[in-house]
Amino acid sequence: MNAAEQSVSSGRTRRALAAIAALAALGISTFSFLRPTNFRGYDEWLIFWMLSRKLISFPYANRPLGLTWHVPAWLVAPDQLWGFLLVHAFWLTAVGVFVFLIVRRLLPGRPDLAVLGGALAIAWMPSEDTRVATVQMIQYSGCTAGALLATWLLLEASHRRSRALLLAAAAAATITALSFEATLPILGMGAVLLLVGRTREGARRLLPWAGGWLVLIGALGLRAILPVVTNLGGLGYQLSGPLRPPRGVLRHTGIQLRYHLGPLADLRVSELAEPAVWLAVLAFVAGLAVATRGQREWSRGPAARTAIAVAGVLGLVHAVLAYLPFLVTRGVRGPVRTEFLSAAGIAVLIAAVVVLIASLVPTRARLLAVAVLGAWVVALGTGRTIAMQREFDGSLYVNQRSTLQQISATAPGLQPHTLVVLIQSGHTWFFNFTFSKAVEYLYADAARGWAPGADPFLMATRLEPEAVWSEPHVATREPWRQDVERYRHDEVVVFGEDDTGRVSLLDAWPADLGPLPPGATYAPRSRIRAEGPAPSQLAIVSAPR
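Taking my numbering, I'd label the letters of the sequence shown as residues 618 to 1162.
Spelled out as structure tokens, the structure:
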């Protein structure tokens, strides 16, 4: 490479880094509004318990690396909520960066499309309310970033003819698929991207790479599907609902596209009044300006427009593939959890349409048209995300925290092998495993929890005349080192909740649990110790709202 070529390459690298910095600024503008206490009330306490015990596998779901993308949050800030917010925002922003890098590699002469696609991948998830759930949804944001990382590494490996990068791509794909099997379809699309736009000779050279990639994805798919289909070891979580017929899958794919694209026509002026919206727009415009500085005119002639159209079609295909795993069963209704994986494809689709529209205006105004139309979508998407946070019901975290604070205030410590029972008046804990893991986390495994009437998924509990039996899901017992436990009545501590949410220790065996068997004793205060949980465990329940 001569001096002139080195200068050109160096300039492109600097512009790319500046564009990435602008995308990061867009992510900061959007996600700095999120609260770390956005609990959906399902998996948060399970996640805390698992990470505190260095467990990352969801064996009942056949996801051996399920919490891989959560681990950085615990490493950065163990027993703290802000680490989850930081990491969730990082993965959401990384999705946009990887979209930028992938488009830049496939269409190196179209920095406008690359920057716009990256910005929209960050900003445009208009119907995905769960994107603000900063603890639970790291699995989705992280796995989306992982799938795109694997795709980018694959493309870079083919461009540089690097086996090391190819191995890195395979490793990233494997980790991602073992974390969340729904990423397999979009991972498989990497083989298509390897070949698209190639000459006949180039495609022939890369066919073994594409074939090998599909073999890897196929093997990972087989590993994911077989145990679920055969219900091996009690695995069947993904197919817990009835299957949809092909016609139903097709119809619901259209519905999902409407959820993701329809809000483009839904103007909510009040959502655009936030200062963060215009900071995000400014970051996008700055990134677009710096990435396209010194570039020649791009959209000239039908061949250039065809390339942009192909990129848009590939984005649409990516989105459809991302929806499919969620639409196989009837369990998914609406857009919840479905727009994380499809965000990259939809972003490229919208970006391609914007660039094609801009190609119809006079030459000198084309970049301005891209900036204006792109800024409009960025503003809408950012405003929607901030509105989601403002509309998010924070009562679940507040109420769950309150329950645990009141229990720990009455029982600072507990004797080993204690069962904490909570008789609820409301629906703060609607899954038994959620309360059980919260108690286990808080008391460092000295106790388990039981919320009678809550859904027994993962942690069934049955009251018999001689004892109370706590039975973890069979698939979790060995991996999570959990046994079926038998609790005598004198090893049980019962708390009752009144209609105001006040939780108090019940000194007498409650009638809600039936009569106390003859000869059995119930002495809850004998199970209470003065030594409380470690301060680190209390940090989460003491976090400010």
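Note that the Cβ used here is the ideal one computed from N, Cα and C, for glycine as well.
Within its own chain, the residues whose Cβ lies closer than 6 Å to the Cβ of Phe-943, once the five positions on either side in sequence are excluded, are Val-949, Thr-955, listed in chain order. Using a Cβ distance threshold of 8 Å, Pro-1089 and Leu-1075 count as a contacting pair. Met-1076: member of the beta strand (DSSP E) spanning 1076-1080, first to last residue. Glu-1088 is bridged by DSSP to Ala-1077. Taken in chain order, the complete beta strand (DSSP E) segments of 3 or more residues contained in the stretch 626-702 number zero; there are none.
Between Ala-636 and Val-749, the gap from beta carbon to beta carbon reaches 8 Å or more.
With a cut-off of 8 Å on Cβ pairs, the stretch 1050-1067 is in contact with the stretch 654-671, counting three or more such pairs.
The Cβ neighbour count for Leu-867, taken over all protein chains shown within 10 Å, is under 16; the residue is labelled exposed. In the DSSP assignment, Phe-1048 is bridged to Asp-1072. Sixteen is the threshold: when 16 or more other Cβ atoms of the shown chains lie within 10 Å of the Cβ of Thr-685, as they do, the residue is buried. Phe-1052 is the residue among Arg-722, Asp-1100, Phe-1052 whose C-alpha sits nearest the C-alpha of Gly-658. In the three-state scheme derived from DSSP, where H, G and I count as helix and E and B as strand, Ser-1019 is classed as helix.
The continuous beta strand (DSSP E) containing Val-1109 extends over residues 1109-1114. In the three-state reduction of the DSSP assignment, Val-1101 falls in the coil class, being assigned neither a helical nor a strand state. Around the Cβ of Arg-983, a 10 Å sphere holds 16 or more other Cβ atoms; the residue is buried. Distance check between Arg-1144 and each of Gly-1066, Arg-1001, Leu-1036 places Leu-1036 closest, using alpha-carbon atoms only. DSSP links Gly-1066 through a beta bridge to Val-1037.
In the DSSP annotation of this structure, the continuous segment of the beta strand (DSSP E) that includes Ser-1121 starts and ends at 1120-1122. Inclusion of Leu-702 and Pro-653 in the CB contact set at 8 Å is warranted, their separation being smaller than that value.
By the Cβ test, the stretch 1110-1124 is in contact with the stretch 1023-1038, since at least three Cβ pairs between them sit closer than 8 Å.
Gly-998 and Arg-1105 have their alpha carbons spaced roughly 55 Å apart.
The shortest CA-to-CA distance from Phe-1112 to any of Pro-1141, Leu-1133, Leu-709 is the one to Pro-1141.
The stretch 757-845 is shown to contain whole alpha helix (DSSP H) runs of 4 or more residues at 780-796, 801-812, in chain order.
The C-beta of Arg-1065 has 16 or more other C-beta atoms within 10 Å across all chains shown, which makes the residue buried. Look at the beta carbons and you see the stretch 771-778 not touching the stretch 728-743: under three pairs across the two are nearer than 8 Å. Residues of the same chain with a CB within less than 7 Å of the CB of Leu-812, apart from the 5 flanking positions on each side, are Ala-820, Leu-823, Ala-827 in chain order. The DSSP-derived three-state label of Thr-1117 is coil. Note: Thr-946 is bridge-paired with Leu-860 in the DSSP secondary-structure output. With contacts defined by Cβ atoms closer than 8 Å, Ala-939 and Pro-802 form a contacting pair. No Cβ-Cβ contact shorter than 8 Å links Val-965 with Gly-1011. Annotation for Arg-910: Arg-632 place their beta carbon closer than 8 Å to its own, counting only its chain and skipping 5 residues before and after.
Judged by DSSP in its simplified three-state form, Leu-1031 adopts strand.
Counting every other CB atom within 10 Å of its CB across the protein chains shown gives Ala-988 a total of 16 or more, marking it as buried. Annotated as proximal: His-869 and Arg-861, with beta-carbon spacing under 8 Å. Using a Cβ distance threshold of 8 Å, His-705 and Thr-647 do not count as a contacting pair.
The beta carbons of Leu-651 and Gln-1006 sit about 6 Å from each other, so the pair counts as a contact at 8 Å.
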